[in-house]
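Line by line, the protein sequences are chains F and D.
In terms of my numbering, the first sequence is residues 128 to 558.
In terms of my numbering, the second sequence is residues 955 to 1257.
Where a beta carbon is used, it is the ideal one built from N, C-alpha and C, also for glycine.
Data block below; observations after.
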Amino acid sequence: MKLVIRNGRVICPASGHDAVADVAIEDGRIAAVGAALDAAGAEVIDASGLVVAPGFIDIHVHFREPGFEHAETIETGARAAAAGGFTTVCCMPNTNPVNDSATVTSYIIERARRHAVVNVFPIGAITNGSAGEELAAIGSMVRAGAVAISDDGRPVMNSLVMRRAMENASALGVPVIDHCEDLALTAGGDMHEGLDSVRWGLRGIPGCAEDIMVARDILLAEVTGARYHVAHSSTRNSVEMVAFAKSRGLRVTSEVTPHHLALHTGDMAAYDSNFKMKPPLRCAHDIEAAIGGVVSGAIDCIATDHAPHAGDDKMQEFEKCPFGITGLETALGVCLEVLVHSGRISLPRLVALLTSEPARVIGWRGDQARGALRPGFAGDVAIFDPAREWIYDVNQSQSKSKNSPFHGRKFHGGPVATIVGGQKIWVADGI
Amino acid sequence: MAKGLLGIETLERPEIEAILERARHFQPAPGQAFQKSDTLRGRMIVNLFYEASTRTRTSFEIAAKCLGADSVSITASGSSVSKGESLVDTLNTLAAMHPSAIVMRHAASGAPHFLARYLPTPIINAGDGTHEHPTQALLDARTILDRCGRLEGLKAAIIGDLAHSRVARSNIYLLAKFGVRIVLCGPPSLLPREMASMAPGVELEYDIRKAIAGADVIMMLRVQLERLHEKTMPAGEYFSFYGLRLEHLALAAPDVIVMHPGPINRGRELSSEVADSQRSMILNQVENGIAVRMAVLERVLQP
């Protein structure tokens, strides 16, 4: 079984490649990258005028299985990933039951093997039930295939528990990912604390609630030597503190979501829960700091925090609606707009933020190494058009849920085809 | 969006002026009852109250009756809401009965705005969470106009729990549109600094004496025990620092008026002497509530 992708602009940041070339995939793995490759007996995709990149990697998604299958399943989430150019995703553990044991980790891996069109890696919980008290069986989960640990959405407030988690993770070679939120400061909050929350009579989530936890975690990372990763960084202080930690030589990394790069509270439609997420949309100066962090390297990668919620859960009084928005299908379009078309970073740099950089944050090794178009690597490829005009229609989404703030938005550039293990698993309509 | 009244923030000054002028027409002569008419005969108004209310609900009911409309009132505790029905389902059910308008009070900020996006029925906001209470601001403006003859150039001090007050927000928007100098005063935890940027001419002050100095209008806000999620200040300190007492009035303009949206907590926000003094407009506010709501119902329901 052979596939040759002809004449695309092949961008592979990890190998420093950016030129028009062919990519050959054989038996599920990259066979060669070069000019005029032999295509005898191969299926050929003409990628003229398109970009051919390593399949995108999203290290922060919620696929809701097990427990919340009415909102998303591993199968539907994986299809949404494919439609966004993603070939590998990491699932946060806030399912029901929480992924706090090897049993749940193995269940997710098995469900993904059977039903997912992309590679799905579970992230294990830090504490049992993500309740923040007793450490979960981290070693067993890692042995079963978990690639990181996190209590995403229910952050560990107890600093000693967090310290112990970092020590254990460090020995196991996996990063600790923290959703940074001081729960006492954010209790009852619905949106960013500022003029808009005051105008709308909604309770605020102050930026300092994130900053305090980033600061704490960086100090603990210094004490433990752990690899520590800040999930969905949303404030100026958070970006600056990660830059400080890096300057001290600590193994600290961070991610930003496309929506935190593109939207601030002023873009919110009043009381529209498709703009309700944690951390909340913040201010224009926070966006500028996040983009600055992407440019400077303080922010290592893009992650969507794809958080599907069923329609009736989001069709309620704003304060009752759950936090989170979908993001896999719009990630590339948003990032092209705010980062590349705006001239802030190059196209190869954006590809790195979606491929080699998230791969480095997780640290896949050996035959699991990914995020590059190197011979022997998995044949995972994203083909995208960097300029094609299209409008996002959430009603056509592959996700089970339709909670996106980008419905109806016009983008310039988006995914065209997605290949996993040499198999074409998704092609855009009209291509 | 169907024509309704969701808030003051987005209302233009001429619209406010028209409502206030029309309300004056509905005010009864001294010692008289409200005049009845059949302007809205055959129209059906649903009063949907998810939060306890005496004066606002009664006031809307009387206003509707004075205009010849039929009205039914529903409270959350005695309806399918207590059986777990969602807000959207309840409103869809009511809308299917084809009322001419829904008057709605809800504990969640933005609840009527959220529904107005989906329902064809005009919605009149009778108070949403800590967001807006537009008819209260209109009746307060009518009361000030009755006594002061103007709004422009006045100084109004709004005192108390600003953070949780929908009355304050609607009044800030309205008074600022008419060039009133607004001083907000309360304990720092109940007076977000961002409020100074809500509208032009708004200042913050933490000392009640300075806030009242030279004020033409003093609006006291209720301490909203049901909305306080944490103890921001020992209860005993509140009255001693932010309660209005008779001696404070000497600091204000000679003809100062004292207003309160009710229900009042005597000895908490203001002393009994102030509440019962000649300066107190509390009962005038209640009377104007009916006149203003008649004007609002007429504006929303007349073809």
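Extent of the continuous beta strand (DSSP E) run through residue i
i	result
D:Lys990	D:Lys990 -> no beta strand (DSSP E), and no H or E assigned at all.
F:Thr545	Lys537 to Val547
F:Thr380	Val379 to Val383
F:Leu164	Looking at the DSSP string, F:Leu164 is not in any beta strand (DSSP E), and its letter there is neither H nor E.
D:Glu971	Looking at the DSSP string, D:Glu971 is not in any beta strand (DSSP E); the run it does join, the alpha helix (DSSP H), is Arg967 to Phe980.
D:Met1213	Ile1211 to Met1213
D:Tyr1072	Note, D:Tyr1072: premise wrong, no beta strand (DSSP E); not H, not E.
D:Ala1055	Ala1055 to His1060
F:Ala509	Val508 to Ile518
F:Val179	Val178 to Pro181
F:Pro249	Asn246 to Pro249
Reduced DSSP secondary structure (H/G/I, E/B, other) of residue i
i	result
F:Arg326	helix
F:Met368	helix
F:Phe402	helix
D:Met955	Note on D:Met955: pLDDT 37, under 50, position unreliable in the model; the coordinate value appears next. Correct three-state label for D:Met955: coil.
F:Gln495	helix
F:Val171	strand
F:Arg363	helix
F:Ile236	helix
D:Gln1232	coil
F:Ile429	strand
F:Cys462	helix
F:Ser142	helix
F:Tyr355	strand
D:Glu1201	helix
F:His319	strand
F:Val150	strand
Neighbour-count burial assignment, residue i, 16 or more Cβ in a 10 Å radius
i	result
D:Asn1125	buried
D:Ala956	Note on D:Ala956: pLDDT 49, under 50, position unreliable in the model; the coordinate value appears next. The residue is exposed, with fewer than 16 neighbouring Cβ atoms inside 10 Å.
F:Lys403	buried
D:Gln1256	exposed
F:Gly493	exposed
D:Tyr1196	buried
D:Gln1232	exposed
D:Thr1008	exposed
F:His387	buried
F:Met128	exposed
F:Ile518	exposed
F:Gly334	buried
D:Gln986	exposed
D:Met1051	exposed
Endpoints, alpha helix (DSSP H) assigned at residue i
i	result
F:Ile265	Ile265 to Ala271
D:Lys1164	Ile1162 to Ile1166
D:Val1277	A question about residue 1277 of chain D goes unanswered here, because the residues of chain D that appear run from 955 up to 1257.
D:Thr1012	Arg1009 to Cys1020
D:Pro1088	Pro1088 to Cys1102
F:Val350	Gly334 to Thr351
F:Ala210	Ile201 to Ala210
F:Asp413	Ala411 to Ser423
F:Asn295	Ser286 to Leu299
D:Ala1130	Arg1120 to Lys1131
D:Phe1193	Ala1189 to Tyr1196
F:Arg476	Leu474 to Leu481
### Task
Could you run through the region 355 to 381 of chain F and flag, in chain order, every residue whose CB is less than 9 angstroms away from some CB of chain D?
Taking 9 angstroms as the Cβ-Cβ cut-off against chain D, none of the residues of the region 355 to 381 of chain F qualify.
### Query
Between the region 992 to 1020 of chain D and chain F, which residues of the former have a C-beta closer than 8 angstroms to a C-beta of the latter?
Those residues of the region 992 to 1020 of chain D that come within reach of chain F (Cβ to Cβ, closer than 8 angstroms) do not exist; the list is empty.
### Message
Count Cβ pairs between the region 1089 to 1101 of chain D and the region 1040 to 1055 of chain D that sit closer than 8 angstroms; are there 3 or more?
### Response
Touching, no, given that fewer than three Cβ pairs across the two stretches are closer than 8 angstroms.
### Touching by the beta-carbon criterion (3+ pairs, under 8 angstroms), the region 295 to 304 of chain F and the region 272 to 283 of chain F
Yes, the region 295 to 304 of chain F touches the region 272 to 283 of chain F.
### Query
Listed in chain order, which residues of the region 446 to 457 of chain F have Cβ atoms closer than 8 angstroms to some Cβ of chain D?
Those would be Glu446 and Lys447, in chain order.
### Query
Below 8 angstroms, can you find three or more Cβ-Cβ pairs linking the region 422 to 440 of chain F to the region 339 to 350 of chain F?
Taking one beta carbon from each stretch, the region 422 to 440 of chain F and the region 339 to 350 of chain F have fewer than 3 pairs nearer than 8 angstroms; the two do not touch.
### Message
To be precise: take each residue of the region 1130 to 1154 of chain D, compare its Cβ to all Cβ atoms of chain F, and keep it if any distance is under 7 angstroms. Which residues remain?
### Response
Residues are counted here when their Cβ sits less than 7 angstroms from a Cβ of chain F; for the region 1130 to 1154 of chain D these are Pro1146, Glu1148, Met1149, Ser1151 and Met1152, given in chain order.
### Task
Select from the region 1035 to 1069 of chain D all residues with a C-beta closer than 8 angstroms to any C-beta belonging to chain F, and list them in chain order.
Those residues of the region 1035 to 1069 of chain D that come within reach of chain F (Cβ to Cβ, closer than 8 angstroms) are Ser1040, Leu1041, Val1042, His1060, Ala1062, Ser1063, Gly1064, Ala1065, His1067 and Phe1068.
### chain F contacts made by the region 1112 to 1124 of chain D, where a contact means CB separation under 7 angstroms
Per Cβ criterion, the list reads Arg1120 and Arg1123.
### Query
Should the region 985 to 996 of chain D be called in touch with the region 1242 to 1255 of chain D, which here means at least 3 C-beta pairs below 8 angstroms?
Verdict: yes, contact present.
### Task
Below 7 angstroms between beta carbons is the criterion; list the residues of the region 317 to 329 of chain F that meet it against any residue of chain D, in chain order.
Against chain D - using a Cβ distance shorter than 7 angstroms - the residues of the region 317 to 329 of chain F are Gly321, Leu322, Val325, Arg326, Trp327, Gly328 and Leu329.
### Task
Below 9 angstroms between beta carbons is the criterion; list the residues of the region 416 to 447 of chain F that meet it against any residue of chain D, in chain order.
Within the region 416 to 447 of chain F, the residues whose Cβ lies closer than 9 angstroms to some Cβ of chain D are Asp439, Met442, Gln443, Glu444, Phe445, Glu446 and Lys447, listed in chain order.
### Query
When the Cβ atoms of the region 136 to 150 of chain F are set against those of the region 497 to 512 of chain F, are three or more pairs found closer than 8 angstroms?
Because the criterion of three Cβ pairs below 8 angstroms is met, the region 136 to 150 of chain F and the region 497 to 512 of chain F touch.
#### Entry: Residues from the region 1073 to 1088 of chain D in contact with chain F, defined by Cβ distance under 7 angstroms
For the region 1073 to 1088 of chain D, which is checked against every Cβ of chain F, the residues closer than 7 angstroms are Gly1083, Thr1084 and His1085.
### Query
Below 8 angstroms, can you find three or more Cβ-Cβ pairs linking the region 453 to 467 of chain F to the region 241 to 252 of chain F?
Flag = no, the region 453 to 467 of chain F and the region 241 to 252 of chain F do not touch.
### Task
Pull out every residue of the region 394 to 405 of chain F whose Cβ sits closer than 7 angstroms to any Cβ of chain D, in chain order.
Residues Ala397 and Tyr398.
### Task
Check whether the region 966 to 979 of chain D touches the region 197 to 216 of chain F, taking contact to mean three or more Cβ pairs, one atom from each stretch, closer than 8 angstroms.
Counting Cβ pairs under 8 angstroms, fewer than three are found: no touch.
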